[in-house]
Amino acid sequence: MQEVSRYAVGLDVGTTTVRCVVGHVDAAGQTPTIIGVSEYPNNGMRKGTVVNLVNAAQAIDKALEIAERMSGHQIHAATVSVNGSHVVGMSSRGVIAVGTGGHEINEDDLARVEEAATVVQLPANREILEVTPRSYQLDGQDNIKDPIGMTGVRLEVDAHVITALGPHLKNLLKACEMTETVAHRTVLTGLASARAVVSERQMENGVVLIDLGGTTTNIAVFDEGDLQHVAVLPVGSVNITNDLAIGLKTDLDIAEQVKIQHAVAVPKLRKDNKPVVVKIDKESHEFDPSDVDMIVDARLEEIFELINKELKSIGRAAKLPGGAVITGGGAQLRGIEEYAKEALQVSARLGVPTGYGGVSEKIANPGYSSAVGLMLLDLEGGAGTIDQRKEKSGGVDIGAMIGSVGNKVTGIFNKFRS
């Protein structure tokens, strides 16, 4: 059967900004070409959850409209980010009998045992977002990475299960529905970013992905190629802006410009100690750089203490040979890699999406990591051709979407097993 062109869409619904990336793969290529990129301010969410459906839907709609105009592709569906401290991860085990002693393990057996791992005691208002296998056990032999083709009668899986509050997920999907866009699947922001900027080698050696967002910070820890831990911390770069506004006794717009233009994570990166000057509406505002540094450092210290606390909880503090990959909009703070290296006692680098054709210069920014990762996952999840896409028509069944999107066992990082 002849291959046809495929389009994939990543929709990162952030608290402060909605970003959309459209990728295209033709019959001859595997690496997607970036053909559409957009972002639009979002004031319909707080700390990763929808608080105003209309405003959130408007921001999503505007971002999609801009991406459609750039790409020339009408968007009917996307892989969508989910965020917020209501998202939590937990360990789980699944066990099944696979038949007689001569039975060879196949894909159906893996699907069944991973489904068994989802049979966990959850509150009625929680939904399973993702189940990622860490290792399998077959008739007592443990630490098996891929049991396909092996023979046995009892198959077990050690898995990491990610859950989210159902009402929050439902509101996010409702906002998408209001724009007549179907969510192929929902993926935690940090996992999407990891897909875009963390290498297979780093995941094998042990790495922490840190996505510094506007009002949240996502962390995802990988080791031996498997997801070990996720957490969403309720603090982000907007908190730095708020702290500057309070500490410098100025308004938020000026504080934001101070952060963007003059803030540094490591004070020694300043070339001089001249006053920090910001011009808005032809009016100059002057601040002492030592005041700016003290305010920024206090908030960064809090954020990285929380990150270290999560790493200590799983015995990985200062024990990640693959280091830390810092990404997200907040990662644009100058010197953040050096700060992370000192605070976490591991190597650190900035995570930026690279290696794509098309308008790739528009995504060469850590703020686009999640949207690019979502686009890649959309492509890997079977995003269709133009003529295969569902025509926009209202009345999407949100309950059905929760069932198919929230409870689907997807195995985002199974690509590293092949």
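So for the sequence shown, our numbering puts the first residue at 224; every next one is plus one.
Glycine included, every Cβ here is placed at the ideal spot set by N, Cα and C.
Check, Outcome
"How about L234 and V303: do their beta carbons lie closer than 8 Å?", "yes"
"State the start and end residues of the unbroken beta strand (DSSP E) segment that holds E509.", "506–510"
"Put V241 into one of helix, strand or coil per three-state DSSP.", "strand"
"Taking the C-alpha atoms as reference points, what is the distance between I298 and G375?", "46 Å"
"Would you tell me roughly how many angstroms separate the C-alpha atoms of A566 and F527, rounded to the nearest one?", "7 Å"
"Measuring CB atoms only, is the segment 383–391 touching the segment 304–311, in the sense that at least three cross pairs come out at less than 8 Å?", "yes"
"Going by beta carbon distance, what residues of the same chain come within less than 6 Å of A417, once the five residues before and after it are set aside?", "L432, A443"
"Report buried or exposed for S294, applying the criterion of at least 16 other Cβ atoms within 10 angstroms of its Cβ.", "buried"
"Rank V274, E291, N265 by C-alpha distance to the C-alpha of A282 and give the top, closest one.", "N265"
"For I609 and N531, what's the separation of their Cα atoms in angstroms?", "Residue confidence for I609 is low, a pLDDT of 38 falling below 50, so the modelled location carries little weight and cannot support an answer."
"Is there at least one non-hydrogen atom of the ligand GTP closer than 7 Å to the beta-carbon of P264?", "Of the ligands one can find in the structure shown there are none, so the ligand GTP has no counterpart to examine."
"So what's T577 in DSSP terms, helix, strand or just coil?", "coil"
"Among L600, V461, P576, which residue has its Cα nearest to the Cα of P589?", "P576"
"Do you know offhand how far N465's Cα is from T240's?", "17 Å"
"Could you check the C-alpha separation between M680 and T355 for me, to the nearest Å?", "One cannot answer for residue 680 here, as it falls past the ends of the chain, which runs 224 to 641."
"If you draw a straight line from the C-alpha of I469 to the C-alpha of A419, how long is it?", "35 Å"
"Could you pull the start and end residues of the beta strand (DSSP E) that H485 belongs to?", "No beta strand (DSSP E) holds H485; the alpha helix (DSSP H) holding it covers 475–485."
"On the DSSP letters alone, give me the boundaries of the alpha helix (DSSP H) that K645 sits inside.", "With the chain represented from 224 up to 641, any question about residue 645 goes unanswered, as that position is not in the structure."
"Taking the straight line between their C-alpha atoms, what separation do you get for V499 and E262?", "29 Å"
"What first and last residue would you give for the alpha helix (DSSP H) that runs through N441?", "N441 -> not in any alpha helix (DSSP H); beta strand (DSSP E) instead, spanning 440–446."
"Using CA atoms only, rank isn't needed, just tell me which of V501, R493, K494, P490 is closest to L471.", "V501"
"With distances taken from CA atoms, which of A540, V461, V421, L456 is nearest I549?", "V421"
"Are the segment 308–321 and the segment 423–430 touching, with three or more C-beta to C-beta distances below 8 Å?", "no"
"Quick check on M426: buried or exposed, where buried means 16 or more other Cβ atoms within 10 Å of its Cβ?", "buried"
"Under the rule that 16 or more other beta-carbon atoms within 10 Å means buried, what is L395, buried or exposed?", "buried"
"From the DSSP output, which residues share a beta bridge with Q364?", "L361"
"Suppose you measure from the CA of N366 to the CA of L600; what does that come to, to the nearest Å?", "27 Å"
"Give me the Cα-Cα distance between L267 and A301, rounded to the nearest whole angstrom.", "According to the sequence provided, residue 267 is Gly. The question's Leu does not apply to it. If you take the alpha carbons of G267 and A301, they lie about 20 Å apart."
"Enumerate in chain order the residues of its own chain whose CB-to-CB distance from R522 is below 7 Å, with the five nearest sequence positions on each side excluded.", "N462, I463, D466"
"Assuming A382 contacts A320 under a Cβ cut-off of 8 Å, what Cβ separation, rounded to an integer in Å, is found between them?", "Not a contact, Cβ separation roughly 18 Å."
"For A454 versus G596, is the C-beta distance shorter than 8 Å?", "no"
"Please go through the segment 495–579 and give each complete beta strand (DSSP E) segment of 3 or more residues, from N-terminal end onward.", "499–503, 506–510, 547–550, 571–573"
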